[in-house]
Structure formats: structure tokens, C-alpha cells
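Working notes for the structure below.
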Amino acid sequence: MAGRIPQAFLDDLLDRVDIIEVIDRRVKLKKSGKNYTARCPFHDEKTPSFSVNQEKQFYYCFGCGAGGNAIGFVMDYESLDFPQAVETLAGSAGLEVPREPGRGGRDPGQPEQSNKPLYALMEQVAAYYQQQLRHHPKAGRAVQYLKQRGLTGAIAKQFDLGFAPPGWDNLLKELGGSEEQRNLLVKTGMLVENEKGRIYDRFRDRVVFPIRDQRGRVIAFGGRVLGDNKPKYLNSPETEIFHKGRELYGMYQARQANRKLERILVVEGYMDVIALAQHGISYATATLGTATSKTHLERIYRLCPEVVFCFDGDEAGRKAAFRAMEAALPCMEDGRQARFLFLPEGQDPDDAVRSGGAECFQHLLDEAMPLENFLFESVAQGLDITRLDGRARMSKLALPYIRQLPEGIYRQLMFLELAERTGLELASLMQLEASAPAPAPPPAPDYYAESDRGGAPSYDDTPGYGEEAPGYGEEDRAPAPGQHRALKTLTAGYSNMAQAALALLLHQPDIARLANPDLLADMDGEDVSLLRELLTLLHRRPESNTAMLLGHWYGTPEGDLLSRLAGQ
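Next comes the structure, spelled out in C-alpha cells:
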């Protein structure tokens with residue numbers, strides 16, 4: 128039946144069903160204190176790390192990061208979409224799912240409902256471009272380019288590659304026959320409307336690469352020019368369904384090709400992703416002309432425990448790798464790995480896998496430099512660590528980065544490793560750690576518009592949320608005794624204060640009445656924005672519980688973060 132599922136019904140459904148019963152019918156649970164535990168159904172494990180909280184009606188796996196409410200569990204466990212999971216749960220509770228006409232705006236329980244026409248239209252656009260690659264009289268140059276890059280017809284089909292013909296109105300004529308369709312094409316960024324009101328195709332005379340989200344829906348395109356026009360590579364703009372800071376090119380194909388991912392390889396662009404897949408390296412992804420963000424990395428780590436970054440071995444590649452490392456540090460929970468592979472200058476992954484074969488390239492990945500080695504070698508560069516002053520300088524430089532690691536065994540081992548490398552006693556090193564300043568924000572990333580890789584990594588230069596906002600904490604009075612200790616206890620296990628506040632609200636939603644979300648309006652950062660949205664929602668719907676809040680953001684990167692915070 129068409130129509131939206133009312134949010135009031137979703138809240139009522141979550142109140143009626145017991146997540147313990149829902150999960151126990153599918154995965155045998157065992158009582159453990161206040162919670163219930165089991166071996167996680169979403170990844171292989173020997174020791175149970177899957178926990179279900181009956182009071183708050185949510186589940187969380189400390190091994191793979193899966194988490195959510197009863198609806199989310201049924202979606203993931205039975206591979207159902209949102210309406211199907213709601214129907215399944217409602218049927219078990221003897222309820223009939225009501226529907227209501229779309230009212231416009233975002234339905235928290237079904238966030239993509241109003242965007243369904245956009246997704247459907249993007250699939251039509253992808254099909255049109257694929258047809259042009261096969262049949263357009265001027266597609267020869269596109270076919271020749273793909274052959275020169277060593278791509279076969281089979282791999283082009285696997286990644287749904289297409290061709291945007293030269294000219295200003297090919298797509299406009301094909302799919303923009305009505306005003307409604309033209310407006311939707313403008314909304315998706317496929318058509319451009321200039322200041323004079325003229326509408327024309329965004330992609331012209333380019334090989335096009337559909338960009339799919341984690342559910343396989345086409346949300347954007349990348350295009351490589353075939354002539355001398357600029358830019359060489361062009362991506363869709365940000366739209367209602369495409370947020371390039373959250374998406375990874377090739378992630379959907381990687382999940383389709385691998386039932387269980389052991390690692391994700393992050394390369395410099397979509398041509399690298401496709402070339403590697405053709406040689407059997409089917410777990411490569413690429414960012415889309417943006418910095419690698421915490422959102423990207425948390426999405427990767429939810430799927431697998433290891434990420435390998437692949438860069439050129441030149442100075443620019445090393446700088447990009449260092450920025451990637453900075454982005455990874457707050458995500459390095461125990462059990463997670465990050466490695467760095469540097470290729471000879473001028474060589475790309477396609478060259479490496481073609482010259483040495485897939486087995487040799489796999490070996491290179493296995494031997495890639497661990498994050499800890501890269502960090503210590505980078506901060507020691509230019510220092511004479513045979514001298515006392517060199518080792519002292521290395522300690523001062525390394526400590527601020529180690530401080531960004533989450534609390535855990537890995538963080539403690541990093542302190543031990545630094546102590547061994549510098550010859551310092553661990554106790555002395557920890558005294559330095561207590562007084563070490565936070566590192567300065569990295570410089571703004573360079574965007575690789577001229578790269579022949581199809582977009583390139585420009586790693587996140589956003590300052591950490593732990594940095595004080597101007598005017599904050601400028602009072603002259605000394606802090607009360609124990610104040611620093613209390614603050615450290617509050618934020619332990621979280622990357623910043625905003626995450627600590629989010630976790631507190633998830634566990635005690637009723638305290639939202641004490642906070643004004645408008646006070647956060649001038650503060651920047653992904654987590655701060657999410658905190659502001661959560662407070663606004665709780666002010667509007669103060670009866671919300673943990674399960675309802677997780678359901679509001681289910682299936683989004685924000686939902687992944689909230690599930691993890693709720694589980695801590």
C-alpha cells in the first residue's frame with residue numbers, strides 16, 4: 128500500500144514489542160546482568176560481544192558496531208527494507224500498519240520516502256548513459272578511452288559505466304519532457320539552471336560513473352572529460368540524496384562482491400577502484416573529492432576491522448597520508464587497524480596490479496605500514512633521534528597525536544612504543560602527556576582536479592571538536608577542585624564533548640528540557656550539528672525513548688554513531 132507510515136504508529140509499535148523477544152526468536156540470547164548477550168549475527172566471533180538492553184530497547188555489538196532498535200534489527204537480520212520490517216513486526220504484534228498521504232518534508236521513521244522520485248529518476252539517468260555508451264555514434268572515443276585504461280566490457284557493465292554525449296541538451300531532451308521532470312533533474316544536479324534561467328546538461332562529452340549509496344541506489348555521478356575541457360573530472364553537486372562527505376565510491380560493489388569484508392582499501396579515485404576490481408581486488412573504495420572524514424571511517428570500520436590507504440610515494444602522497452592518519456586517530460578503537468601503502472612515484476594501483484599481478488599486490492597490502500609506524504616515522508622526520516634533544520623533540524611532537532586515540536589498550540601500547548623509541552621511562556612520558564598541547568589543525572586540503580584518477584583524497588582539515596571555541600573558558604578564576612577530573616570522567620571513551628552529550632541524552636532523554644538547542648547554532652562540527660538536531664527533536668517530542676531516537680536516524684551515518692554511543 129502506498130503512503131507513509133505515521134510516526135505515531137512507529138512509536139506505538141516500538142512501545143508494544145519487546146526487543147528481547149524479537150531478537151531471541153532469531154538469535155538465542157543469554158541473560159548477563161541487566162543486559163542480554165549473544166554471538167553477533169552480523170559478524171563472526173567466538174566470544175559474545177552482542178548486547179541487548181531491555182530497559183532502553185536497543186541492541187549494540189561491541190565487535191562490529193552494529194546497533195539500533197527492533198525495527199533496525201529485523202531490517203538487517205532479514206535483509207528487509209524499512210516498510211517490510213515494520214510490517215513484519217506489526218504482524219507479530221497483531222497490528223495493521225496504517226498509511227497516510229505524503230505531507231512533504233522528512234518523515235523521521237521513513238527518511239527517504241519523499242526522495243523516492245529522485246532515486247527512481249537517477250536510475251533512469253544511469254540507464255540512459257549506459258545506452259549512449261553502447262549505441263551513440265560518438266561513443267567511440269569513450270570506448271577507446273576505457274580500453275586504453277585496460278578496462279573490459281564486463282567490468283564496465285559491473286560498474287554501470289556510461290557516456291554523456293557532447294551537446295548541451297541531450298539528457299534534457301531525453302528525460303526532461305515535462306516541467307516536473309526538469310525540476311527533478313535540476314534537483315538531482317543532472318541539469319543546471321543558470322542566472323538567466325537557461326537549463327542545460329551538467330555532464331557533456333564525458334565517460335560517466337554512477338555513484339551508488341550503501342543500498343545500491345544511484346545518488347550521483349562522476350564524469351571524466353574526453354576532450355580538452357576543464358575540469359578533467361567532475362562530480363555531481365550536493366543534493367538531498369547525495370552528501371559527498373558521507374559516501375565512498377565502490378563501497379556498494381565491494382559489499383556485493385564480498386560476503387564478509389576483511390579490509391577496505393582506500394585509493395585516490397574511481398578509476399583505481401574499477402581497475403583493481405578487474406584484477407580481483409574487489410574491496411577498493413575512494414572518497415569523492417573531499418577529505419576522508421570520521422563518517423567515512425566509522426562506516427568502513429562497521430563493515431571490517433582494517434583500512435588500508437594507498438598513496439603515491441611522493442611528497443604530496445605523504446602529506447595526504449598524514450592527513451588520513453589524523454582523521455583515523457579518533458576512530459582507532461581496540462581491534463581496528465589502519466595501514467598505509469606507498470607506491471613508487473608516478474605509479475598508480477592499476478600499474479602496480481598489472482605489472483605484478485593480484486597476488487603480488489595483495490602481498491603489498493599485507494605488508495603495508497601500520498599506523499603506529501607511520502606516525503612515529505613522520506614525527507621523527509628531520510630529527511636526529513640518536514641525540515637526547517632529538518628524542519625529546521620527537522616525544523613532544525608525538526604526544527598530541529596519541530592523545531587523540533580513544534581510551535583502550537591500543538592507546539596504552541602507543542605510549543609504551545613511544546617510550547621505547549625515545550628511551551623515556553613510561554612514568555615520565557605520562558607526565559609529559561598530561562601537559563601536552565593539542566596539535567594545530569592541519570592545513571587546508573588540496574583538491575586534485577587535474578588528477579587522472581577520477582577524484583583524489585583531500586584529507587580532513589577540520590579542527591578537532593575538543594578545541595575551545597573563542598571566548599570559552601576565559602574566566603580568570605581557577606577551576607573548582609576535582610573539576611578537571613570530573614570532566615575527564617565524563618568524556619572518557621568519546622571523541623569530544625558533543626559525543627558525551629549525545630550519549631547522555633540517549634540514556635536520559637528527559638534531561639533535554641534543561642538545554643536550549645539554539646545555543647549551539649554558532650558552533651561547527653558534525654557531532655555538534657547532530658546534538659542540535661537531537662535536542663530539537665526531544666523538545667518537540669519529549670516522550671521519545673532511546674529506541675525511538677535510534678529509529679529516527681536509522682540507516683544513516685548519524686544513526687551508526689548514535690548506536691555506538693548508546694552502546695558505550
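Numbering (my numbering), first residue to last: 128 to 695. Yeah, the Cβ is synthetic: ideal placement off N, Cα and C, and Gly gets one too.
query: Nearest to G343 (by Cα), restricted to the options G354, A384, V319, F330; result: A384
query: Inter-residue Cα distance where the pair is L260 and I346; result: 20 Å
query: CA nearest to the CA of R325, picked from L688, D340, R309; result: R309
query: Between the CA atoms of I282 and G270 - distance to the nearest angstrom; result: Sequence inspection shows Val at residue 270; the Gly mentioned does not correspond to that position. Cα to Cα, the separation comes out at about 13 Å.
query: Beta-carbon proximity check, L403 vs P476, cutoff 7 Å; result: yes
query: Endpoints, beta strand (DSSP E) assigned at G350; result: 345-352
query: Rounded separation between L633 and Y187 - CA only; result: 13 Å
query: Contact under 7 Å by Cβ, T164 with K155; result: no
query: Bridge-paired residues (DSSP) for F335; result: The displayed chain sequence assigns Val, not Phe, to residue 335. According to DSSP, which records beta bridges pairwise, V335 is partnered with G289, G350.
query: Chain D within 7 Å of Q489, Cβ atoms only; result: The displayed structure is made up of one protein chain only, and chain D is not part of it.
query: Whole-angstrom distance between L551 and A565, CA atom to CA atom; result: Per-residue confidence for A565 stands at a pLDDT of 49, beneath the threshold of 50, marking its modelled position as unreliable; the derived number appears in the next sentence. Taking the straight line from one Cα to the other gives about 21 Å.
query: In chain order, each beta strand (DSSP E) run of at least 3 residues that lies wholly inside the stretch 393-469; result: 411-413, 433-439
query: Strand pairing of M378, partner residues [DSSP]; result: For M378, which the question treats as bridged, DSSP gives no partner whatsoever.
query: The stretch 665-678 contacting the stretch 633-642, beta-carbon criterion three pairs below 8 Å; result: yes
query: Paired residues, beta bridge with V179 - DSSP; result: Y163, Y186
query: Where R230 sits in the DSSP three-state scheme; result: In this predicted model, R230 has a pLDDT of only 45, less than 50, meaning its place in the structure is not dependable; the value taken from the coordinates is given anyway. Coil at R230, not helix or strand.
query: Span separating the alpha-carbon of T549 from that of R166; result: 42 Å
query: Proximity of E367 and N242 at Cβ, strictly below 7 Å; result: yes
query: Local conformation of G686 per DSSP, three classes; result: helix
query: Beta-carbon proximity check, A266 vs F330, cutoff 7 Å; result: no
query: Buried versus exposed call for H262 [16 or more other C-beta atoms within 10 Å across all chains shown]; result: exposed
query: Check whether A495 and R466 have beta carbons under 7 Å apart; result: yes
query: At least 3 beta-carbon pairs within less than 8 Å: the stretch 443-458 vs the stretch 411-431; result: yes
query: Element boundaries [alpha helix (DSSP H), containing E172]; result: Where E172 is concerned, there is no enclosing alpha helix (DSSP H), given that its DSSP letter is neither H nor E.
query: Identified DSSP bridge partners for Y327; result: V319
query: Reference V319; option with closest CA among N297, D340, R339; result: N297
query: Beta carbon of R429 nearer than 7 Å to that of G192; result: yes
query: Under the three-state DSSP convention, the category I132 falls into; result: coil
query: Opposing strand residues paired with N242 [DSSP bridges]; result: In the DSSP output, where bridge partners are listed per residue, N242 has none listed.
query: Exposure of D439, with buried meaning 16 or more beta-carbon neighbours within 10 Å; result: buried
query: Reduced DSSP secondary structure (H/G/I, E/B, other) of E540; result: For the sequence presented, residue 540 should be read as Leu rather than Glu. Reduced to three states, the DSSP call for L540 is helix.
query: Stretch pair the stretch 245-253 + the stretch 145-154: three plus CB contacts closer than 8 Å; result: no
query: Inter-residue spacing [alpha-carbon to alpha-carbon] between I408 and F209; result: 32 Å
query: Chain-order list of residues whose beta-carbon lies under 7 Å from that of M675 (same chain, five-residue window excluded); result: D138, L141
query: For A197 and L222, believed in contact at Cβ under 8 Å, the rounded distance; result: Not a contact, Cβ separation roughly 13 Å.
query: Span separating the alpha-carbon of K323 from that of Q380; result: 40 Å
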